[in-house]
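Line by line, the protein sequences give chains A and B.
Numbered per our numbering, the first sequence spans residues 1 to 223.
Numbered per our numbering, the second sequence spans residues 224 to 446.
All C-beta atoms in this analysis are idealised placements derived from N, C-alpha and C, irrespective of residue type, glycine included.
2 protein chains.
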Amino acid sequence: MEIPVNKSILAANEDIAAANRHFLHQRGIYAVNLISSPGAGKTTLLERTVATLGPEIPLAVIEGDIETSLDADRVRRHGAPAVQINTAGNCHLDARMVREGLAQLDLDGVKLVLIENVGNLICPAGFDLGEHEKVVLVSVTEGEDKPPKYPHIFLESAAMIINKIDLLPYCDCDLAKLKEGALRINPRLRVFEVSCRTGEGLEKWYAWLRQQVAQSEPAEAGG
Amino acid sequence: MEIPVNKSILAANEDIAAANRHFLHQRGIYAVNLISSPGAGKTTLLERTVATLGPEIPLAVIEGDIETSLDADRVRRHGAPAVQINTAGNCHLDARMVREGLAQLDLDGVKLVLIENVGNLICPAGFDLGEHEKVVLVSVTEGEDKPPKYPHIFLESAAMIINKIDLLPYCDCDLAKLKEGALRINPRLRVFEVSCRTGEGLEKWYAWLRQQVAQSEPAEAGG
Numbered sequence: 001m002e003i004p005v006n007k008s009i010l011a012a013n014e015d016i017a018a019a020n021r022h023f024l025h026q027r028g029i030y031a032v033n034l035i036s037s038p039g040a041g042k043t044t045l046l047e048r049t050v051a052t053l054g055p056e057i058p059l060a061v062i063e064g065d066i067e068t069s070l071d072a073d074r075v076r077r078h079g080a081p082a083v084q085i086n087t088a089g090n091c092h093l094d095a096r097m098v099r100e101g102l103a104q105l106d107l108d109g110v111k112l113v114l115i116e117n118v119g120n121l122i123c124p125a126g127f128d129l130g131e132h133e134k135v136v137l138v139s140v141t142e143g144e145d146k147p148p149k150y151p152h153i154f155l156e157s158a159a160m161i162i163n164k165i166d167l168l169p170y171c172d173c174d175l176a177k178l179k180e181g182a183l184r185i186n187p188r189l190r191v192f193e194v195s196c197r198t199g200e201g202l203e204k205w206y207a208w209l210r211q212q213v214a215q216s217e218p219a220e221a222g223g
Numbered sequence: 224m225e226i227p228v229n230k231s232i233l234a235a236n237e238d239i240a241a242a243n244r245h246f247l248h249q250r251g252i253y254a255v256n257l258i259s260s261p262g263a264g265k266t267t268l269l270e271r272t273v274a275t276l277g278p279e280i281p282l283a284v285i286e287g288d289i290e291t292s293l294d295a296d297r298v299r300r301h302g303a304p305a306v307q308i309n310t311a312g313n314c315h316l317d318a319r320m321v322r323e324g325l326a327q328l329d330l331d332g333v334k335l336v337l338i339e340n341v342g343n344l345i346c347p348a349g350f351d352l353g354e355h356e357k358v359v360l361v362s363v364t365e366g367e368d369k370p371p372k373y374p375h376i377f378l379e380s381a382a383m384i385i386n387k388i389d390l391l392p393y394c395d396c397d398l399a400k401l402k403e404g405a406l407r408i409n410p411r412l413r414v415f416e417v418s419c420r421t422g423e424g425l426e427k428w429y430a431w432l433r434q435q436v437a438q439s440e441p442a443e444a445g446g
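Okay, here's the thing in structure tokens:
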């Protein structure tokens, strides 16, 4: 009984995700679904990204958490419109929640929507939200063995951000092995090595996002 | 439809968990279900615990992961019998998997079974495996806000191990706030501050485990 029910839940999610994708496409909005373990640094990455890209690219943030509005509060402090979705025990965002989040945001002129999923390296990988790309964030403090142990999200993502590289001297993470493990699962994965704390390496992430947003803009009339 | 199905899956799990608990109780075995985010240090804690307590307390390990047998291999190197359960995509261990794991172990004389759950701070909290206690492990690199954001596991656990305290000087974790947040959710939570890398603080964890095992021994005849 379990499998058909899961299938029907997933099928319903796919329908709403497709509608979200259409909604975003019509408005020329590029959307990223950011996924990581709890505490890998998603919110700090968003704070930095909002502070740097906000002045040049109109953007908005959807924050997913089981409980609290701590993350939306943090992001709003950097001047971005943000809605907090509390999943009330649910271990991942789904497309319906994101549809509600989009409806609460003033998207007039917005070109980029950053979605922070619930801190979970597993379940969010299976739920399409209608985003353009999933981006997985890992921290060097988690060690180098996460890709083979949690392969699904590395396969589903367009980019992997390796965070907390400022802590490399103090932990036993083999960075080369971490990258190799992820690229073995998904050779097309774009890899960024950053410290959201010091800002190191973030320019390449911003450049990539700028490019993704530019490619999502509606073609000019006659273009 | 979702809710009744979840209820029936959970009810079936509860039945098997009760049988596991009975099985362990009859043999005087104490079992811990260790839960954390990916990369918080569960396996390193188990390696240390097996190396220290193994010579005095006969023990065995059940390793849960979505993929790979990396963790069971690590634990076996320290001389403990270990079985690896691969959940094949599932985001948590369930009681049926643990029943199969127990059946594969030689439990003759064993007094302590250490179960390492899949790296996930959310879903494992809802699945009883038949263990005596859940123990939640958090790393200071994850920041101090995990208890209010993921309250369920802190409520369900008997103890919280705060790991990687050797990294405190290099990250922005407010240790007092982390403990306060967890104890507000569960005032009876036993708290250990440790570094599984340096060994700092682990003696108190070992002492607690020794005590828990001693309390689970069957009463002597006439005692």
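Proximity test, Cβ basis, 9 Å: residue i and chain C
i     : result
A:G39 : Reference to chain C is not applicable here, since the protein chains of this structure are A and B.
Which residues DSSP lists as bridging residue i, in chain order
i      : result
A:G190 : The sequence shown places Arg at residue 190 of chain A, rather than the Gly named in the question. Note: A:R190 sits in a beta bridge opposite A:A159.
A:N90  : Paired residue(s): none; A:N90 is not in a bridge.
B:V361 : B:I385
A:A72  : DSSP, once it has assigned bridges, lists no residue as partnering A:A72.
B:A254 : B:V336
Assigned secondary structure, residue i (DSSP; H/G/I helix, E/B strand, else coil)
i      : result
B:I308 : strand
B:G302 : coil
A:I62  : strand
A:Y206 : helix
A:K146 : helix
B:K387 : coil
A:M1   : A caution first: A:M1 carries a pLDDT of 36, below 50, which makes its placement in the model unreliable, though a value can still be read off. In the structure shown, A:M1 sits in coil (DSSP, three-state: anything other than H, G, I, E or B).
A:L114 : strand
A:N20  : helix
B:S259 : strand
B:G445 : Per-residue confidence for B:G445 stands at a pLDDT of 41, beneath the threshold of 50, marking its modelled position as unreliable; no derived number is given.
B:E403 : helix
B:L328 : coil
B:E356 : strand
B:C396 : coil
A:N13  : helix
B:T421 : coil
A:L121 : coil
A:G126 : helix
A:E47  : helix
B:P278 : coil
A:E217 : coil
B:E290 : coil
Which listed residue (the options) has its alpha carbon closest to that of residue i
i      : options                           : result
A:R117 : A:L24, A:G199 and A:V83           : At residue 117 of chain A the sequence reads Asn, which differs from the Arg that was named. When only C-alpha atoms are compared, the closest one is A:V83.
A:Y206 : A:G181, A:P38, A:N20 and A:L45    : A:L45
A:A17  : A:Q104, A:L93, A:L121 and A:E217  : A:L93
B:N386 : A:C171, A:P81 and A:I9            : A:C171
B:N313 : B:E290, B:A295 and B:G324         : B:E290
B:A295 : B:L328, B:I384 and B:I388         : B:L328
A:R297 : A:T43, A:R188 and A:V98           : Look at the range of chain A in this structure, 1 to 223, and you will see that residue 297 of chain A is not part of it.
A:S158 : A:D108, A:A88, A:A11 and A:L137   : The question names Ser, yet the displayed sequence has Ala at residue 158 of chain A. Cα-wise, what sits closest to A:A158 is A:L137.
A:D108 : A:L10, A:Q26 and A:Q211           : A:Q26
A:Q211 : A:A19, A:V32, A:A11 and A:H22     : A:V32
A:A103 : A:S8, A:A19, A:V194 and A:A12     : A:A19
B:A235 : B:A311, B:A318, B:P304 and B:L293 : B:A318
Close-in-space but distant-in-sequence residues of the same chain around residue i (CB under 7 Å, 5 per side omitted)
i      : result
A:R110 : Strictly speaking, residue 110 of chain A in this sequence is Val, with Arg absent from that position. Counting only Cβ-Cβ distances below 7 Å, and skipping sequence neighbours, we find I29, P58, L59 and A60.
B:E237 : D351
A:L167 : V140 and T141
A:V98  : N20, I62, I115, L129 and G130
B:G446 : Reliability fails at B:G446, whose pLDDT of 37 lies under 50, so the model's placement of it is uncertain and the value that follows must be treated cautiously. Same-chain partners within the cutoff: there are none.
CB of residue i within 9 Å of CB of residue j, strictly
i      : j      : result
A:S139 : A:G64  : no
A:L34  : A:V135 : yes
A:V113 : A:L24  : yes
A:I85  : A:I62  : yes
B:S260 : B:E365 : yes
A:E131 : A:R21  : yes
A:G126 : A:L10  : yes
Cβ neighbours of residue i in the same chain (closer than 6 Å, five flanking residues each side left out)
i      : result
B:E367 : C396, D397, K400 and L401
A:K204 : F192
B:A405 : P370, F377, M383 and L412
Residues near residue i by beta carbon distance below 8 Å, same chain, minus five either side
i      : result
A:G79  : V50, A51 and G54
B:I408 : P370, P371, P374, F377 and L378
B:R271 : C419, G422 and L425
B:N343 : I258, S260, P261, C314 and H315
B:M224 : Bear in mind that a pLDDT of 36 at B:M224, under 50, signals an unreliable position, so the number given afterwards is only what the model happens to contain. None.
A:I165 : V140, L175, E193, V194, S195, E200 and G201
B:T310 : G287, D288, I289, L316, M320 and V341
Residue i beta carbon near the ligand PLP (any heavy atom closer than 8 Å)
i      : result
A:S157 : In the structure shown, the ligand PLP is absent, as is every other ligand, since no ligand is present at all.
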